Amino acid sequence: MKFLIDTNIISDSRKTATSPARRWLSAQRESDIQISVITLFELEVGVQRAERKDPRQGFRLRTWLDQNFKPNFKDAFIPVDDQIAQVAANLHVPNPMPHLDGLIAATALVHGLILVTRNVKDFERTEVPLLNPWA
7 MKFLIDTNII SDSRKTATSP ARRWLSAQRE SDIQISVITL FELEVGVQRA
57 ERKDPRQGFR LRTWLDQNFK PNFKDAFIPV DDQIAQVAAN LHVPNPMPHL
107 DGLIAATALV HGLILVTRNV KDFERTEVPL LNPWA
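Counting along the sequence shown from 1, when you hit position 131 you're at 137 in the working numbering, and nothing is skipped either side.
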């Protein structure tokens, strides 16, 4: 099985060694992990906000993102292409959903991935296979 990792899983896996997200991720083969560039965008936004609010914490997060996360997962990133954009639009019309969630769900659908997220409710209507490490 291959998995698309939602942003909340990456964020939570950094918090404690006993995090369900960290335990779940550490049990997976690296080759089974995929990450949407939307998740990379959301992480970058979080780091930039931290850099403005708390430079010390921002520096730690920037170091983690640039020297750990991106190099370790560089081959796992999936870009948004025209097929993902089309599927995301189909998910959005006629019942709108947050654009970034739609793009993440569409990425999982197009690539046949299980979406790993704590926010299962955000994706239930999309028919994307879901896995919640906390469940």
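Beta carbons are placed, not taken as given, at the ideal position from N, Cα and C, and that holds for glycine.
This one's a predicted model, so the numbers in the text were calculated from it and none came from an experiment.
I believe residue i touches residue j by the beta-carbon criterion, under 8 Å. Please report the beta-carbon distance rounded to the nearest angstrom.
i, j, result
"VAL93", "ASP12", "Actually they are not in contact, since the Cβ atoms of VAL93 and ASP12 sit about 17 Å apart, beyond 8 Å."
"LEU97", "ALA82", "23 Å between Cβ atoms; not a contact."
"PHE9", "LEU119", "6 Å"
Using only alpha-carbon positions, find the residue among the options that is nearest to residue i.
i, options, result
"GLY108", "SER17, ALA56, ARG29, VAL43", "VAL43"
"GLU133", "ARG28, PRO139, TRP140, THR113", "THR113"
"VAL86", "ASN101, LEU106, PHE79", "LEU106"
"GLU50", "ARG62, ASP72, TRP140, LYS8", "ASP72"
"PRO100", "ARG131, ASP81, LEU115, ILE120", "ARG131"
"ALA141", "HIS117, SER25, LEU10, ILE16", "SER25"
"GLN34", "MET7, ILE90, PHE75", "MET7"
"ASN78", "PRO104, ARG62, VAL53, LEU46", "LEU46"
"GLN89", "PRO104, LYS80, ARG20, HIS117", "HIS117"
"GLY64", "PHE75, GLY52, ASN74", "GLY52"
"ARG20", "ASN74, ASN138, PRO102", "ASN74"
"MET103", "PHE129, PRO139, ASN138", "PHE129"
Mind checking which residues open and close the alpha helix (DSSP H) that includes residue i?
i, result
"SER19", "13-19"
"LEU121", "First-last for LEU121: 120-122, but that is the beta strand (DSSP E), not the alpha helix (DSSP H)."
"ASN101", "Neither: ASN101 is in no alpha helix (DSSP H) and is coded neither H nor E."
"SER32", "26-32"
"THR69", "61-70"
"PRO77", "76-79"
For the beta strand (DSSP E) containing residue i, name the first residue and the last one.
i, result
"GLN40", "39-42"
**Message:** I want to know whether the region 24-41 touches the region 51-69 - three or more CB-CB distances under 8 Å.
**Reply:** no
**Request:** Answer yes if the region 60-69 comes into contact with the region 23-35, meaning at least three C-beta pairs across the two stretches below 8 Å, and no otherwise.
**Result:** no
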